[in-house]
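Protein chains in written order, with this note's numbering: chain D, 349 to 804; chain S, 349 to 804; chain X, 349 to 804; chain V, 349 to 804. All C-beta atoms in this analysis are idealised placements derived from N, C-alpha and C, irrespective of residue type, glycine included. Below is one structure, written out as structure tokens, with a few remarks after it.
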């Protein structure tokens, strides 16, 4: 699986202090949303300080850096970069000085009118030092702040100009502010632990720090925490719609997160069950491609009545510095990452469940691995529809030219992958997958129909 | 789970070269056996060179260091240190010069007559620069080499003096030699890929590099590879017995490894099934503590007919530099490492399967996490007998004073952990767990009866 | 000596390419002007890329980073930070996107109207991400660029608003632009090597890369290099005066640099000679405090007829990570940094020449070191006048409260230092020190009279 | 100048503790003797611990590592490796366990019967893990210790077998022992500070920590410090001769050191004076190649009556990671390292004094630099005789094939270097250079006559 989320955000207000440390653990829980860079900004006694760098949360922060950031409010960010080698300048939160003091801005999502906004600010003499939307958003806030009376009001006015996906956590020396775009693309939830108020991209981060999940922010909502008082601004909620990225349920979010009332784990199990109904096949064993295919495999097994088992063991130690085998060597990356459970698959007809196919290369290698281990048949079932279009709202689903399903029929794909049969979940099954979700979804990558018109 | 294996070894002869790279991938597959230090020694054109350091395989080696080590034979080692902060001097393979040239020695296990041997060598004027048994073994070989005609003969003679656990891979400029102690404590297997011959602590490392598993070495056997010819010395096999560490099946080995004809995954599933028979209980859901409890949980579920599910999600990013929450903070290490799947466990009677209990602290926290998530009952089932005695043969099972089962009855432990019921696998079930294993086992940590008398 | 220059800049245009590498060597030659951070931005085929970080030039750049920056234009910067631990964000050159594309800005000096300019830009909605004047200057250029037709014109207009010291090297994808403030505080010179045109804070950087020194930029001058054509803008030269920081001659600049026609080495030798005339004393030996006091000591010796010799040897290996001896230890930092040449000073009346006294602590320790080594008398001669006022133009001469000469008479200082006599160079001798300099000087730190009125 | 010393040693006994820190500063003062690796071993309460690594003293040690080593005795080592990339294993002090406990061994010098000793120990079953003579020496001590009653006696007996250069500092849990080979090749001195006793390769290290120089160890002498009592063993002094490496005076030692009663600085000044007598020439200016040629240049100037001046400024920031200009670039390493003082040399006949010529390449580039800077003549004077033979006793003077003077006449060398004249100090002048030295010298690199017969 090669699709990445672009970011995760976390924010905490706690009059008892220690907020940088809480954010550190919150970011640990969100690390799956971005492994390239991370950062924390904290406010202590009205003074903002920050630390950020390329690397994982566990590598970027030490006891010393956390102690230095101690404070009563903090915001944090984990980042995945879609293009090229990550530039350190793009690590977030962005910290800045503007007409009313200092701000820290952490952003998950992707704007679609970046270029227009940037040009507009440049024509007022603005300069840009990063490639991030956070900088655009910061300018928008700073410009509006000249014409209104508070940071939240400035943010509210700025949001009218921002088109696209953004879940934001913003911090001034006095306020912690969270906001979600009016289309509701990316998740953002709120929780509490005693007097502390927290915001996080996913509820798993609240669990990690012992906070109680309270609710998702509404599309378009702004929540302000100031001196322990929480209030909401809903000016931008009026024309809001609800279009949560359905791929959060399928792959991005952690299974122990709940988004808009829907358990992510259950959504995946359900996807597997629906897949079994749509694409049944006679077989002896259902296995998942670890880790993300396991839940759907369990659902497929339960629905089909075919035994569930483990067929592949994932090497837990493959890290960022893994040296991929090159052409000349007979080693093979998939073999190093996944070990087949010969005793399980030998002599069996195996249904292998994965959550998506992008280029098909990895699937082909796994199918081959299973056959070598003795599987007599390998049926590939995919717990999502085929990708036919890129994502403009914060994930790195690639261009059409790199999407196998844009150029090949189901039969061709099956042949390329070497599977005995192949089935994708249907688009119409997606809503059945998330029966408890109190939201609509964006499924543009499967349908080419987006909530916002894309100008190319 | 806090028990660690002390080491993993790998060796390869390949006339086509590229052996350091193959060893690198082999060690990646064995990383679970030791994360403190690692190293590779390679022979190229009769010249031995090596690279080793503290750290994970992926961090210690770069393209450059691997290229510099390129050769037609290589041995590698991953190390876990039981005592104090790891000293760099103890990283292996040990490379040395002796009367007949150079040797590289990689060792998995633990000798029980270390002190006596060391004293004996010191009384001949020897000096010791590390704390490793590898150095003792090297001396033993070097001393015997004065009196015989080949390295393998020297090793064979030396083995008569070595008491304890050792699976060795030794390399001279001309030969790759593997050996296993006559008690057969630690696994060591052999495989081939074309003209290449390989040795590894576990078969998963052979799979990772595309080699075909051939067999385990016999207890006491020495296998020599020289210029592509493989031969065996079985002088030390005569009085050999077979005492494979049973905990390799229960916890240490990777589930996709096969040891002595027995799939590790199947052993764990079977342990779960036996556990269900020995300790049945009415419940709604069986879950495993990830990752090592999952297999047994599946076995328990299948045997008991109770539904299997996931109840805990493991954070995949907790690394060596993770800053553990301290006393003052309200964060909690277990919560950060494991997220409960509320939607799964809520309102249910849960059977939680783990592979062992050492001090009981972690189990107590997990039980509490599940209750918070809504489990109405939590029944703890352990797929191994209680630890009542330490290990002297290469794992860090602690002293009696740190083993909860040495000081508390089953009822006390259950209460301390806060479980609704508690059941351990019986000692007598251990043999049923591994029906296909062509070996005997050492279960001294559960029975206090060891294959070698321990002088304290 | 504890006074630091704040920065050095370098720029090169070379149609033959390899400009990042040339800049690397140029920055090496300017490293004495700033050791905290450094950076290089290069333009290759109209594309700008950059690399910068905390650390010395030799540590920040590798073959790989230099190769990645290869181009036909480059600008570089070395930085010394006056306040707190250096923030990585402040490393330069600043690279930015503005209305007309990209710019890289490297700056040496200090503005005195920073706050006013920043406020003005903030009231237009600007945001600030660093603490550097480079960001202020960039805004000023970006704002003016909206109203004129070229980057150089924008810079020229911006310069009318900038008050203070600035020697700039600015690069757009098409142009390399150098500029000097109309007061002429900081040096900036130009040179050529074949078709290549270069700018550098000091001529020693031109020598280092084999370029021929051509001239200083005039105060207020802007020089533009575009496609090999060099032209000058002198709009801001009309009201320009000439106030080169005299401390560049006394201490900052490298002795092998020439500034405004005056050799720095000769200025220092001359300062020593003038000091000998103003403060003669009977003695046996003249020594300098290495390295910066050596030239003046030679001048003092030659003028006085007293023998010149070495009396102190400097440890060449004291680096950034040197652990300073703490209170409890009997070690002593001066002793570790300077070794006395007992055979030279024993039994002699010694004249010790240093270039300045800030707090007097180090001088006291050196005097004591020389007495221990057997000097019968130690006469301290300082080749600069006493500091009585801070610098606002780019050096870290401290506040009055930290300047010994602000609070103590000559006699008191002599006694505190423990010297047998003490003499400072007079202010009026400063002009005699630099007979060949084709410029006026700023001597505000010695006279409290600055070329620009300082609003406190 | 490309000749390197191989090591420096330091040892301290201080009942008041803090010995690792004192050793740290002592090693800082000896850093010029080896920049590849360093280490400190300390004894605290009879327990030995150590820290060592590749790198400079300032990089290898931190406050934490020093605090962890705190003790009442310590030995330290700085290392320069002559062959290949430095192996970490070779860093010293070597710490080892042997029959009587633990030892730390630090060694400066080079044995000439290494191979014979190693073979002998190997034939007793010994193994070797490093390439250092320290390991050989340790074996020799360990073997003798079996037959006698104390470590010092064992060392004394071992010394009868060691042929070559060795200045040693050895530490057991109870004793600090220093020893010098019976030929007296490498310096080793002793000093005191209150109750503390110290040993160092050079007296500058004693000065650095405020200790008073007491004396050199005699050739063959062993000094033992135990519980504050100092005693000498002189068994090996009977047949001892005195052959201090004359190149210590010419180049290796720090000018502020005194060796055997002779100031190193004065020796160099005197060498310059003798050079002036042997090779006078009409000229306007005498300059030294910094740093090591400066002292001799002063001596040449004083003796000849020609003005002394600075002609070349050395870049103080060229470090280990300096990227040397490659073929394709027009930059030039000498130019980056040395800046010419144009104002000094322009239009002048210059005498340039350097301390040695190995291949002649650097000299040629410097001569050319001076001519470019306007020197009308450049006369090269070398304050040492031509190298005609390698060193076997602890420096890296290369093989004959790399020594220009082995293959070319004086006239040829002069022409290759491009000097107007060339003069070397004569061998017979060497003794005149060190009138105060209470020792004989080894000048084998200039005469091919060594104190010990070299078997090739």
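Same chain only: Cβ atoms within 6 Å of residue i, ignoring 5 sequence neighbours per side
i: residue 634(X); result: 645, 648, 649, 654, 656 and 699
i: residue 572(V); result: 500, 523, 525 and 579
i: residue 623(V); result: 648, 729, 731 and 773
Residue-chain proximity (residue i, chain D), Cβ-Cβ < 8 Å
i: residue 371(S); result: no
i: residue 485(X); result: no
i: residue 687(S); result: yes
i: residue 683(S); result: yes
Closest Cα partner of residue i within the set the options
i: residue 420(S); options: 596(S), 435(S) and 359(S); result: 359(S)
i: residue 620(V); options: 450(V), 643(V), 604(V) and 605(V); result: 643(V)
i: residue 784(X); options: 652(X), 753(X), 612(X) and 797(X); result: 612(X)
i: residue 748(V); options: 792(V), 787(V) and 484(V); result: 792(V)
i: residue 398(X); options: 761(X), 481(X), 727(X) and 441(X); result: 441(X)
i: residue 727(D); options: 515(D), 452(D), 361(D) and 630(D); result: 630(D)
Coarse secondary structure for residue i, derived from DSSP in three states
i: residue 824(V); result: Nothing can be reported for residue 824(V): it is not among the residues displayed for chain V, which extend from 349 to 804.
i: residue 626(V); result: helix
i: residue 354(S); result: coil
i: residue 590(V); result: coil
i: residue 755(S); result: helix
i: residue 564(D); result: strand
i: residue 415(S); result: helix
i: residue 523(X); result: strand
i: residue 666(V); result: coil
i: residue 443(D); result: strand
Residue-chain proximity (residue i, chain S), Cβ-Cβ < 8 Å
i: residue 598(D); result: no
i: residue 665(D); result: yes
Minimum Cβ-Cβ distance from residue i to chain X less than 8 Å
i: residue 491(D); result: yes
i: residue 517(D); result: no
i: residue 476(D); result: yes
Residue-level contact to chain V via CB, residue i, 8 Å cutoff
i: residue 409(S); result: no
i: residue 789(X); result: no
Residues near residue i in its chain [Cβ-Cβ closer than 8 Å; skip 5 each side]
i: residue 764(V); result: 708, 712, 752 and 756
*At a Cβ cut of 9 Å, what residues of the region 443-454 of chain V count as close to chain S, listed as they run along the chain?*
Going along the region 443-454 of chain V in chain order, one finds 443, 444, 445, 446, 447, 448 and 451 with a Cβ nearer than 9 Å to chain S.
*Could you name the residues of the region 375-399 of chain X whose beta carbon sits closer than 8 Å to any beta carbon of chain D, in the order they occur along the chain?*
Within the region 375-399 of chain X, no residue places its CB atom closer than 8 Å to a CB of chain D.
*asked:* Counting only Cβ-Cβ distances shorter than 7 Å, please list the residues of the region 578-595 of chain D near chain S, keeping chain order.
replied: none
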